[in-house]
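Enquirer:
2 protein chains.
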Amino acid sequence: MTRPDVPCSAVAVDLAVLTVRDRCLHVLVVVRAKRPHQGRLALPGGFLEPDEDLDQAAHRELAEETGLDAADLNVHQLRSYGAPDRDPRGRVVSVCYVALMPDLPLPIAGGDARAADWAPVEQLLAEPDQRAFDHHLLLTDAVEHARDRLSHTTLATTFCPPEFTIAQLREVYEIVWGTQLDPSNFHRKVTGAPGFLVPTGGRTAGTGGRPATLHRAGPATRLHPAILREPHSEQHTKGATGHEYR
Amino acid sequence: MTRPDVPCSAVAVDLAVLTVRDRCLHVLVVVRAKRPHQGRLALPGGFLEPDEDLDQAAHRELAEETGLDAADLNVHQLRSYGAPDRDPRGRVVSVCYVALMPDLPLPIAGGDARAADWAPVEQLLAEPDQRAFDHHLLLTDAVEHARDRLSHTTLATTFCPPEFTIAQLREVYEIVWGTQLDPSNFHRKVTGAPGFLVPTGGRTAGTGGRPATLHRAGPATRLHPAILREPHSEQHTKGATGHEYR
DNA sequence: TAAATAGTGTCTCTCAGACATTATCTT
DNA sequence: AAGATAATGTCTGAGAGACACTATTTA
């Protein structure tokens, strides 16, 4: 943009790359090598190049930071952040993306000489002021976004290896949502949702119990019916209380 | 941003202001007075000022275009658009906002000497190539976003005047969704959803039928249970067909 | 055998959709 | 009265949650 009458900003693309490992939700973080916020943990990201789309920039950054081809790793734009003082270097508007992926070996430290590693989300969210920039806010929104999407999309399978058991899938839901789910009802629901799971014919062995059938992700992207997150029990006050909406 | 190593972009904020009038969903559009796309219809918007947040910019633009104080008109950020060639003048990344409002008198032509007026959404969407920039895409996404939100939030009341009947509210759902809803079931659902509606005590008169009780919007923002958009009937194939997911 | 895990069946309650019925106004 | 619109009631079926029960492995 060369017109002098138009305010000029830098546009950054930041990524919240989520995975499930060690029974916890983790996010990919980098240690900042330069000022500002030197030494602090930040979400990986970078500036938009002159000739690329936002989605392209997100895929490029993901490849640079993790070495992975992000062809279909479920990368989705979340929203943008533009507080005037969010970057002390100047005006930076950041477009945040959320990426979900299985627990693959380990990301390679990126070309920026920054160390990329997994960090447990719960721990990061417990320290609101320790992140670089407003990345605590980005992470909060990204996690909430992912949680919401699990209930009505088939996205949970992207946290799983290519073949997985229903117990593994249930564990993903339990970890991301931080709740316990009834194994019986969960089994009935996910096997009943058309296109969610496809049995591969294989079975587990040596787990000290009845072998589980292996599945892979089916063709569906939307989940019908949805897997509900909260057992939304409202009408507990069956008594003579007058109004009861909160 | 003054650092020479960072690519520079203009950041625009565009608004899809939706309302229901004349039994149709309408969107606020301006006629572009300058090149490029001179004479074409565009969504109102403008460039981000150096010291304002994205949300502030959206509110400012809304005030400039409509003369309305957008304090709580349900303005929400939708997503950002950044195709390299979306603006022929140069690199512009646009953050799109969706605003929902009741059918108020009429917007004032803005300070940019552009005429602002309501246009029926259905008609605009039928002509994909007649909009300025990629505003057809923005509008498509904004409408879909609004439709989705109606089902699980109390947002539909923002299309209504301060006091309204349940039939008026149902009309909003029917117009936005383009479907017909059963008046009886709709009545039962919206009156049963806690915090959605509050009876004012008033009633309509002179409508040639039983008077309807007037309501105003309640304190709730989320809808429990949700008002379903599609009568998602799936299991019609009760026969002996083996697999039936699509 | 017991323990452990996988998977099925059953019951109850909520809620959606279809539609009949009653209520209250205007003409 | 008739017609119109508002509101309630009733029935059926889908689906969620609780939980008993069966199935199949390892130790």
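From first to last, the protein sequence lines stand for chains A and B. If you're matching positions, the first sequence starts at 1 in this note's numbering and goes up one per residue. If you're matching positions, the second sequence starts at 1001 in this note's numbering and goes up one per residue. Each residue gets a CB set at the ideal place from its N, CA and C atoms; glycine is no exception.
Give me whichever residues DSSP pairs with L1100(B) in a beta bridge.
Expert: L1018(B)
Enquirer: Looking at the unbroken alpha helix (DSSP H) that takes in Q1180(B), where does it start and where does it end?
Expert: Where Q1180(B) is concerned, there is no enclosing alpha helix (DSSP H), given that its DSSP letter is neither H nor E.
Enquirer: Go ahead and label N185(A) buried or exposed: buried means 16 or more other beta carbons lie within 10 angstroms of its beta carbon, across all protein chains shown.
Expert: exposed
Enquirer: L214(A) lies in the alpha helix (DSSP H); which residues open and close that run?
Expert: L214(A) -> not in any alpha helix (DSSP H); beta strand (DSSP E) instead, spanning T213 to A217.
Enquirer: Starting from V1095(B), find everything on chain A with Cβ-Cβ shorter than 9 Å and list it in chain order.
Expert: The answer, in chain order, is R79, S80, G82, V93 and V95.
Enquirer: Please compile the residues from chain A whose C-beta is within a distance smaller than 7 Å of the C-beta of V1006(B).
Expert: For V1006(B), the chain A residues whose C-beta falls within less than 7 Å of its own C-beta are A10 and F47, listed in chain order.
Enquirer: Counting along the chain, where does the beta strand (DSSP E) carrying T200(A) start and finish?
Expert: According to the DSSP assignment, T200(A) belongs to the beta strand (DSSP E) that extends over L197 to R203.
Enquirer: Grouping DSSP H, G and I as helix and E and B as strand, with all else coil, what is F133(A)?
Expert: coil
Enquirer: With 16 as the cutoff for other CB atoms within 10 Å, does L1100(B) come out buried or exposed?
Expert: buried
Enquirer: Out of R188(A), E144(A) and T154(A), state which residue places its alpha-carbon closest to the alpha-carbon of V176(A).
Expert: E144(A)
Enquirer: Assign A1071(B) to buried or exposed, taking buried as 16 or more other Cβ atoms, counted over all protein chains shown, within 10 Å of its Cβ.
Expert: exposed
Enquirer: Check whether the Cβ of L28(A) lies closer than 8 Å to any Cβ atom in chain B.
Expert: no
Enquirer: Locate the beta strand (DSSP E) running through L28(A), then write down its first and last residues.
Expert: C24 to V31
Enquirer: What is the rounded straight-line gap between the Cα of A1113(B) and the Cα of R1040(B)?
Expert: With a pLDDT of 44 at A1113(B), under the threshold of 50, the modelled position of this residue cannot be trusted, and the question is left open.
Enquirer: Could you check how far apart the C-beta atoms of D53(A) and P1084(B) are, in whole angstroms? I think they sit under 8 Å.
Expert: Between P1084(B) and D53(A) the Cβ distance is about 6 Å, and since that is below 8 Å, they are a contact.
Enquirer: Where do the ends of the beta strand (DSSP E) carrying D87(A) lie?
Expert: First-last for D87(A): undefined, no H or E at that position.
Enquirer: Taking a contact to mean a Cβ-Cβ separation below 8 Å, would you say A16(A) touches L138(A) in this structure?
Expert: Yes, the pair counts as a contact, with Cβ atoms nearer than the cut-off.
Enquirer: Give me the chain A residues within the contact set of P1050(B), using Cβ-Cβ distance strictly less than 8 Å, ordered along the chain.
Expert: P7, P84 and R91
Enquirer: Determine, using beta carbons only, whether L1054(B) comes closer than 8 Å to chain A.
Expert: yes
Enquirer: Determine the extent of the beta strand (DSSP E) in which R1079(B) is found, giving its start and end residues.
Expert: Per DSSP, R1079(B) is one residue of the beta strand (DSSP E) stretching across V1075 to Y1081.
Enquirer: DSSP state of L43(A), grouped into three classes?
Expert: Here L43(A) sits in coil by DSSP.
Enquirer: For the region 1150–1162 of chain B against the region 1029–1047 of chain B, are there 3 or more C-beta pairs whose distance is under 8 Å?
Expert: no
Enquirer: Nearest to G90(A) by CA position, among D1134(B), A1205(B) and E1049(B), is which residue?
Expert: Selection D1134(B), A1205(B) and E1049(B) evaluated against G90(A) yields E1049(B) as nearest (Cα-Cα).
Enquirer: Under a Cβ-count criterion, where at least 16 other Cβ atoms within 10 Å of its own Cβ denotes burial, should A116(A) be classed as buried or exposed?
Expert: When all chains shown are included, A116(A) counts as buried.
Enquirer: Count the other C-beta atoms from every protein chain shown that fall within 10 angstroms of the C-beta of R1203(B), then say buried if there are 16 or more, exposed otherwise.
Expert: exposed
Enquirer: Quick one: is E1061(B) buried, meaning 16 or more other Cβ sit within 10 Å of its Cβ, or exposed?
Expert: buried
Enquirer: Go to A1058(B), then tell me how far its alpha helix (DSSP H) extends in each direction, as first and last residue.
Expert: L1054 to T1066
Enquirer: Which class does T1153(B) belong to by DSSP, given the choice of helix, strand or coil?
Expert: Note: T1153(B) maps to strand in three-state DSSP.
Enquirer: Between the Cα of G1067(B) and the Cα atoms of L1104(B), H1076(B), A1217(B) and G1082(B), which residue gives the shortest distance?
Expert: L1104(B)
Enquirer: Could you have a look at I1227(B) and say whether DSSP puts it in helix, strand or coil?
Expert: coil
Enquirer: By alpha-carbon positions, which one of P7(A), I227(A), H187(A) and D129(A) ends up nearest to A1057(B)?
Expert: P7(A)
Enquirer: Between which two residues does the alpha helix (DSSP H) holding Q123(A) run?
Expert: V121 to L125
Enquirer: Is V29(A) closer than 8 Å to L18(A) when the C-beta atoms are compared?
Expert: no
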